[in-house]
Every structure is written in C-alpha cells, then in structure tokens.
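Residue numbers (numbering that gives the first Met the number 0): 0 to 427. Here's the structure we're looking at; comments come further down.
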Amino acid sequence: MPKTHMGPARMMYGWGYNGSVPGPMIEVVEGDRVRVIFENKLPEATTVHWHGLEIPIEMDGTPNISQPMVEPGGVFIYEFTLNQNGTFFYHSHGAMQEMLGMLGLFVIHPKTPHTPRVDKDFGLILQEWALLPNNDVPNTLSMEYNWLTLNGKSAPATTPLIIKKGERVRIRMVNIGMDHHPIHLHGVQFNVTGTEGGRIPESAWFPGNTVIVGVAQARDVEFVAKYEGDWMLHCHLPHHMMNQMVSMVGPMMMSHGSGSQTGLGMQEGMGMLRQGNALSEDFGPGMGRGMAMTTAERPVSNIVAQQEPAQTGFYVCPMHPEVISNKPGSCPKCNMKLVRKQQTAVALTEEEKKKVPGYPQDMMMVVDDDVVKPETWGLVPGWSASLMGMMTLVRVLPDDKYNKIMAMIKEGRTEKPKSSPDQHKHGE
C-alpha cells in the first residue's frame, strides 16, 4: 500500500498506481497511439476506466461488461488511439478502490496548440478523505470527510504554484470525490476555457474568480498574472477550508494571537469521539460533542494561546486628518509626512472569552518550519497559519524572486526560514 504524507503530522495508507496516491499524471498528444500495460498487485480484482475518452468498448474498463476483471497477479493491456484533447482522468471502476486513491490525471495536449498560448500549465486533483481517530487507512464507507487535499496534500503542506508576473497561466482541476468544490482564486479574474468535454470555443468562454468543479468533472481556467502577490486558491465551502480534527501539543493561535502546534489534526485530547457511525457518534467531527458541555463551558485554556493586548497602528496627516493609511508615507494633498497613531485593542480575559457564544472558532497554527520547500521561499513568517484543508497559494513573482525559486527547484535544495515569533513558543 502506498504511504502518503498529507501533512507533517498526518500519514495514511492508500491504494494507488505505480506506488503513489494519487497516481502519476499521464501526458500525451492528440493522435497518439497509447499502450498501458496494467499489472494488478492488489489483493483483489480491479480494472482501469479512462474517464471521458472516446475509445473502443473493449478498452473502457467497465468491470464484467466491457472486460473481465483483472485478478490479483493478472495483466491487461489497454491500447487505443486518441482523437480528443483536453483534461481527463483515469480511475478504478470499483468505488471503494477509487476512494482509497486509485486515480490520476490524463492530459491530452492538442496536436495544434490552442491560442493564446500559455506559459504555465498546472494540474490539480481535488479529493476528500475520512480518517478516523488513530487510523491511517481511509474509511471508504464514510459520508463525512475531515481531510481535504490537492494532489494528495492538505494545506499548508500543498505546493504553491509559482508564476512569473505577466505570464499566461492555465490551471486544470479535476474532482474525483464525493463533494462539489467551488474553487476561488484571489486577485484574479480568469476565463473558464475547458471542461471534461474538452476545449470550450473562445466565443463561449466566461469570466469569473470562482468556478464549481463538480464530482467527476474537469475545469480549465486561464488568466494573465498581472498582479504580484501570494494569492490564495481554495475551495470556498467553509468546512473544506480546515483540517477538521487536529492533534495538538501546546496552544493554538486564536485569531491574531500567538500559538504553536505539533500536528495538523484535532484527533487526540480535543473532545473528539472515538467510535460510532462515520466520524462521530451523532453529529460528526467537532470539539466538546458528547461531553455534556456547551461551547462556552468547555475548557479552552489548553488550546487557545494567552493573548497580550494587540498593538495596531495607522498613519494620518497632521494637516488633513481624513488622510489615513496603514503604511508610512506622505500626504497626497500637502506632501507632509504621515504620523503614526497607536491604537490598542483590549483583549478579553479567559473568563470573558468563555462567555462569548460560539467561542472558540478561528483556531490557527503556525507550522512554517514543517512544510519548507523551494516553492515556499520568501513567504511572510506565519503564512502557514492561514492555510488549511483544500487550499494552496498562487505566487505571482517578480523576475528575481521567480528565478531564485526556479533555481532552488532545479537544484533540489531548500532554505529553511527563520521561525515565526509565535512558532514553537510552548518549548521555551
């Protein structure tokens, strides 16, 4: 069984292709003759379905209909000629096998490149998993999912997409799971240019910044990266923007407080039920359920960091008080230097916090040092606290930063960042 690390503190075993979950991306060109020699090393029979491809029925991979099942130790040769182009995928046609990770991208490039040409072409597989407490094999019968992944990784362990400012970009997204995903990209207006049915005629492209990628669907979006920045790409369903159950040692960051962690899940020590249907006995994953506790009553001193009064500030013009900025600079009206004004937000005491209905909610954790890779170089300290679940970053960079990261990727090296002031505070 392939072993995959969804994050620095969460590992699972799945079923995959060529030893990986998800399986390897297959890239071919329209008109190619494709031969796949499939050897079944599973403990049970299986087939491979080529989702959306127009191929002979004998190659379709529908078990016991288009072909006999491939028994353990058996071999089947899939061979067909491609007369399409676009974003497709392959998967086992056994539902439970698919839910264990037996799937992958199948990209058919056009014989004549589409225009306008793109400089970058990315592929993302959207999945969800049900991992019960103290288990490292997904529960394929569950209808409740507590881990959401892009290409098999859950944020902040996902890999940012690296783009040079001014480049034209295509992002291919396929959804091989149980939930629809409204995927939103910050800072960009894109065009939807393709589906699992292939390229959309340019006259039918439509703009947006959020696109629903439904179950068993593909969506291609294209845009020109006009604005520098580290832009978030994420599913906009609230429960898909979190890792719902996390194992913790030490405090968590509450809103803008300080905190630290040693895991990416709330499975142990957080009021998570250990048995029952799907992920929980009655109500699904959560804290304090089944413990005869209201939200306000449950203890929070071990999970929410102690906070000092938050110091914030802004800048104003002494002559024109209506000119306000969150950065230093000069007044556009009189060119006078802006003066910093202090503003202190008084933090609630622990007792006051517990009286607020619904508290705690926004629990965030800094794990920058645990998810270091070339693509994360140069991110602001503490960046990892804002990424959870089905999220990643689209980094639009100036030439110097882009070239440095590309060199690091080529050389296979990383540069560990300085720890955020809030990171590993419990070890002091």
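Built from N, CA and C at the ideal position, the CB exists for glycine as well.
- Under the three-state reduction of DSSP, T61 is assigned to coil, being neither helix nor strand.
- H108 and D120 have their C-alpha atoms spaced approximately 11 Å apart.
- Approximately 6 Å separates the beta-carbon atoms of P7 and V370; this is inside 8 Å, confirming the contact.
- With a cutoff of 9 Å on beta-carbon distance, D31 and H48 are scored as not near each other.
- Its chain contains N39 as the residues whose beta carbon lies nearer than 7 Å to that of G72, once the 5 sequence neighbours on both sides are disregarded; these appear in chain order.
- For Y401, the enclosing alpha helix (DSSP H) stretches over residues 398-410.
- Collapsing the DSSP output to three states places D178 in coil.
- V379 is classed as exposed because its beta carbon has fewer than 16 other beta carbons within 10 Å across all chains shown.
- T192 has its alpha-carbon roughly 8 Å from the corresponding atom of A203.
- In the structure shown, the three-state DSSP call for M95 is helix.
- Around the CB of L347, fewer than 16 other CB atoms lie within 10 Å, so the residue is classed as exposed.
- D219 carries a strand assignment under DSSP once its states are collapsed to helix, strand and coil.
- When C-alpha distances from E127 are compared across M389, R394, V393, the shortest belongs to M389.
- The beta-carbon separation of I175 and E97, rounded to 7 Å, stays under the 8 Å limit for a contact.
- Listed as beta-bridge partners of A154 by DSSP are G388.
- With a cutoff of 9 Å on beta-carbon distance, G228 and V395 are scored as near each other.
- Taken atom to atom, the span from the alpha-carbon of M335 to that of N208 is near 39 Å.
- Just measuring C-alpha positions, the residue of V322, G377, H235 sitting nearest E414 is G377.
- Per the coordinates, the alpha-carbon of I408 lies some 25 Å from the alpha-carbon of V173.
- Each of L41, E374, D135, R169 was checked against the Cα of R218, and the nearest Cα belongs to R169.
- Between H92 and T46, the CB-CB gap stays under 9 Å.
- Residue pairing of M318 in beta bridges, as defined by DSSP: absent, with no partner found.
- When secondary structure is reduced to three states using DSSP, I54 falls in the coil class, being assigned neither helix nor strand.
- With the rule of 3 Cβ pairs closer than 8 Å, the region 53-67 does not count as touching the region 100-107.
- By a beta-carbon distance limit of 8 Å, N242 contacts S153. Their separation comes to about 6 Å.
- Following the DSSP letters along the chain, one finds E78 inside the beta strand (DSSP E) bounded by residues 74-80.
- In the three-state DSSP reduction, K163 falls in the strand class (E or B).
- By DSSP's assignment, I323 forms a beta bridge with V315.
- Looking only at A44, M364, S383, the smallest Cα-Cα distance to K372 is reached by S383.
- The Cβ atoms of L125 and L149 lie closer than 9 Å to each other.
- The C-alpha of R412 is placed about 23 Å away from the C-alpha of G122.
- Counting the other CB atoms within 10 Å of its CB gives F87 a total of 16 or more, which places it among the buried residues.
- When the alpha-carbon of V136 is set against those of P1, G312, F205, R167, the nearest one is in P1.
- Comparing C-alpha distances from N145 to each of D178, T158, E166 shows the shortest one belongs to D178.
- When only Cα atoms are considered, V69 and G151 end up about 26 Å apart.
- E321 and Y314 have their C-alpha atoms spaced approximately 11 Å apart.
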